Amino acid sequence: MAPPSKASGRHPIADRISELVGQSSDTPLRGWVEPRAEAARPEANATVSRPSSKRILVVDDNDAIHEDFRKILSNHGHARELEDIEVALFGSPSVSSEVQQQYAVDVARQGQEGLARLVQARADGAPFAMAFVDMRMPPGWDGLETSLRLLAEDPFLQIVICTAYSDYSWEQMVQKLGRSDRVLILKKPFEPIEVRQLVHALCEKWLLTRQAAERMERLETAVQARTTALALMNARLAVLIEASPAGIVALNQEGQVTAWNPAAQSIFGLPAAAAIGRTLRSLELNFAGQSELFQKTGLLARAEEALRTSCSENLEVREERPDGSAVWLACSLVPFLNAGQAHVLMTLEDVTPRRLAAEELRAAQSMLQTVLDAIPQYICWKGRDLRILGCNRAFAQLARLPMPADGVGKRTEELPALVEHAAGLFAKAGEVMERDAPEHHANDRSLVAGVPRWFDTTRIPLHD
Numbered sequence: 017m018a019p020p021s022k023a024s025g026r027h028p029i030a031d032r033i034s035e036l037v038g039q040s041s042d043t044p045l046r047g048w049v050e051p052r053a054e055a056a057r058p059e060a061n062a063t064v065s066r067p068s069s070k071r072i073l074v075v076d077d078n079d080a081i082h083e084d085f086r087k088i089l090s091n092h093g094h095a096r097e098l099e100d101i102e103v104a105l106f107g108s109p110s111v112s113s114e115v116q117q118q119y120a121v122d123v124a125r126q127g128q129e130g131l132a133r134l135v136q137a138r139a140d141g142a143p144f145a146m147a148f149v150d151m152r153m154p155p156g157w158d159g160l161e162t163s164l165r166l167l168a169e170d171p172f173l174q175i176v177i178c179t180a181y182s183d184y185s186w187e188q189m190v191q192k193l194g195r196s197d198r199v200l201i202l203k204k205p206f207e208p209i210e211v212r213q214l215v216h217a218l219c220e221k222w223l224l225t226r227q228a229a230e231r232m233e234r235l236e237t238a239v240q241a242r243t244t245a246l247a248l249m250n251a252r253l254a255v256l257i258e259a260s261p262a263g264i265v266a267l268n269q270e271g272q273v274t275a276w277n278p279a280a281q282s283i284f285g286l287p288a289a290a291a292i293g294r295t296l297r298s299l300e301l302n303f304a305g306q307s308e309l310f311q312k313t314g315l316l317a318r319a320e321e322a323l324r325t326s327c328s329e330n331l332e333v334r335e336e337r338p339d340g341s342a343v344w345l346a347c348s349l350v351p352f353l354n355a356g357q358a359h360v361l362m363t364l365e366d367v368t369p370r371r372l373a374a375e376e377l378r379a380a381q382s383m384l385q386t387v388l389d390a391i392p393q394y395i396c397w398k399g400r401d402l403r404i405l406g407c408n409r410a411f412a413q414l415a416r417l418p419m420p421a422d423g424v425g426k427r428t429e430e431l432p433a434l435v436e437h438a439a440g441l442f443a444k445a446g447e448v449m450e451r452d453a454p455e456h457h458a459n460d461r462s463l464v465a466g467v468p469r470w471f472d473t474t475r476i477p478l479h480d
């Protein structure tokens, strides 16, 4: 800041204030306070992003009205200078910068011209916040028609219709414009404060409406994106369910079927249309399309238990047909919530052939064990880790085991009765498996309770 002039003894700011307020520079300025050198104009703290100036359109065929609106709404150049001086003198302006809004006024003489300016402003990305529209503008559109066109073009524009006459009743205006909250009536002649108040309120409304619309648009975009992603996920899930080789059935908390895929139809012999919406207990289910019905008590009990306890379970359920034949289903029960309601998802696989094959295998193994037990020779078979997988009764007696199954999982040297034989009879089992060729040895010598004995030994590698 410049120091006081030596010639006049006055500060340059005092001279500038005198010019601005129309006071002679020779007249002393009372109440002068020497400003501090470090004084600076504080920046306004804007918490919301706002345009630097709000655009206002005036549509009136009278040029004098255009000038009146400019004088009322446009900031004078001296106002900013006075504010800067006030900050330099007193540290802060008496009127907040947030109150001193910036407005850019544009004018049109006819409704058609006003509409063209509105369209161009939107295309330029600088839309008008509001418009003052005169009611009478011969020979073109009147104020009502102009307002109707402007409202249709810009969904955010706020309009004030200025009129000194009663050309239309309120009912007629509502009938033509509709019940719009974007139109106000200003009677002529009006006071400048009325214009400022309307401009301040309607521009703020315009800004808030646009911000709300932008937020809503972002929310709608996000919701649409999530809805699309969810629909895509559901479509993929539906394809997976339809193509699943396992039967998939979903039940709600009332036990009604809500999902039933083709594999479930194959297992139960019932199409989805006949199953969905009905309780599992009420369905007449058969197996693999056969006509025999089977009982559902086991399956129902498990599903109802899963709904009641919300506990997952994996099990094999045995169902019986009326003829007594068994049906085995590998079942996975997973409770879940859908819209706050308890449901259970059942995945089902017919494992009857596997269970029957396992039973046949056990029967064959039992028969083989019976045959081996009848053979007087000592027989055992081992895995690659040289642990016993099985033996016959004669071998169990040699090893002093109560039953042949008692030797399973043990090495020969771990059986006390066979320790003496381990180095002789059973030492070469690993070598035979490595060579993958059978060996026969006659007169293998071994000690049994300190007494030498001779054995004919055959070692045969097996492939499982």
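One point on numbering: in our numbering, the residue at position 220 of the sequence shown is 236, and numbering is uninterrupted.
From the three backbone atoms N, C-alpha and C, an ideal C-beta is built for every residue, glycine too.
These numbers were taken from a predicted model, which means no experiment stands behind them.
Checklist entry - Would a C-beta distance cut-off of 7 angstroms place isoleucine 72 and methionine 151 closer than the cut-off? => result no
Next on the checklist: Please return the same chain residues whose Cβ sits closer than 6 angstroms to the Cβ of leucine 253, not counting the five positions on each side in sequence.
Outcome noted: none
Item to check | Helix, strand or coil at asparagine 408 [DSSP, three-state] | outcome: coil
Item to check | Straight-line gap, proline 468 to alanine 379 (C-alpha atoms, nearest Å) | outcome: 40 angstroms
Checklist entry - Which first and last residues belong to the alpha helix (DSSP H) in which lysine 192 is found? => result 186-193
Next on the checklist: Check whether the stretch 284-299 and the stretch 266-276 are in contact - that is, three or more C-beta pairs closer than 8 angstroms.
Outcome noted: yes
Item to check | Which listed residue (Leu372, Leu377 and Phe411) has its alpha carbon closest to that of alanine 390 | outcome: Phe411
Item to check | The beta strand (DSSP E) enclosing cysteine 347, as first and last residue numbers | outcome: 342-354
Checklist entry - With burial defined as no fewer than 16 other Cβ atoms inside 10 Å of the residue's Cβ, what is the status of methionine 249: buried or exposed? => result exposed
Next on the checklist: Taking the alpha-carbon of glutamate 220 as reference, which of Phe144, Arg427 and Ser196 has the nearest alpha-carbon?
Outcome noted: Phe144
Item to check | Distance CB(valine 123)-CB(leucine 89) smaller than 7 angstroms | outcome: no
Checklist entry - Three-state secondary structure (DSSP) at asparagine 78? => result coil
Item to check | In DSSP terms, what lysine 398 is bridged to | outcome: Ile404
Checklist entry - Taking just the CA atoms, how far does leucine 246 sit from leucine 173? => result 37 angstroms
Checklist entry - Are leucine 166 and leucine 202 touching if we call contact CB-CB under 7 angstroms? => result no
Checklist entry - Going by alpha carbons, who is nearest to methionine 449 out of Ala241, Thr474 and Trp470? => result Thr474
Checklist entry - Which residues bound the beta strand (DSSP E) around isoleucine 283? => result It is not in any beta strand (DSSP E) - isoleucine 283 instead sits in the alpha helix (DSSP H) that spans 278-284.
Item to check | Residues near alanine 445 by beta carbon distance below 7 angstroms, same chain, minus five either side | outcome: Lys398, Leu402 and Arg475
Next on the checklist: Could you give the first and the last residue of the continuous alpha helix (DSSP H) run that contains lysine 221?
Outcome noted: 208-259
Checklist entry - Between which two residues does the beta strand (DSSP E) containing valine 387 stretch? => result No beta strand (DSSP E) holds valine 387; the alpha helix (DSSP H) holding it covers 368-389.
Checklist entry - Ordered along the chain, which non-local residues of its own chain (more than five positions away) have a Cβ less than 6 angstroms from that of serine 348? => result Asn330 and Thr363
Checklist entry - According to DSSP, is glutamine 272 helix, strand or coil? => result strand
Checklist entry - Which whole-angstrom value describes the C-beta separation of alanine 358 and serine 326, a residue pair presumed to lie in contact below a C-beta threshold of 8 angstroms? => result 7 angstroms
Checklist entry - By Cβ distance, which residues of its chain are closer than 8 angstroms to glutamine 385, with the 5 residues on each side in sequence left out? => result Gly406, Asn408 and Pro420
Checklist entry - Skipping 5 residues on each side, what residues in its chain have a beta carbon closer than 6 angstroms to that of threonine 368? => result Val343 and Trp344
Checklist entry - CA-CA distance, glutamine 188 and leucine 160? => result 10 angstroms
Next on the checklist: Per DSSP, what are the beta-bridge partners of tyrosine 119 in this structure?
Outcome noted: Lys70
Item to check | For isoleucine 264, the three-state DSSP class (helix, strand or coil) | outcome: strand
Checklist entry - Since alanine 319 contacts leucine 267 with CB under 8 angstroms, what's their CB separation in whole angstroms? => result 6 angstroms
Checklist entry - Quick one: Cα of alanine 228 to Cα of alanine 104, how far? => result 39 angstroms
Checklist entry - Can leucine 296 and leucine 316 be called in contact, C-beta distance under 7 angstroms? => result yes
Next on the checklist: Judging by CA-CA distance, which residue of Glu207, Phe206, Val190 and Pro205 is the nearest neighbour of valine 199?
Outcome noted: Val190
Checklist entry - How many whole angstroms separate the CB atoms of glycine 425 and isoleucine 404, which I take to be in contact at a CB cut-off of 8 angstroms? => result 7 angstroms
Item to check | Test item: CB-CB of glutamate 300 and asparagine 277 under 7 angstroms | outcome: no
Next on the checklist: Taking the beta strand (DSSP E) that glutamate 429 belongs to, which residues open and close that run?
Outcome noted: First-last for glutamate 429: undefined, no H or E at that position.
Checklist entry - Rounded to a whole number of angstroms, what is the C-alpha to C-alpha distance between alanine 373 and valine 387? => result 21 angstroms
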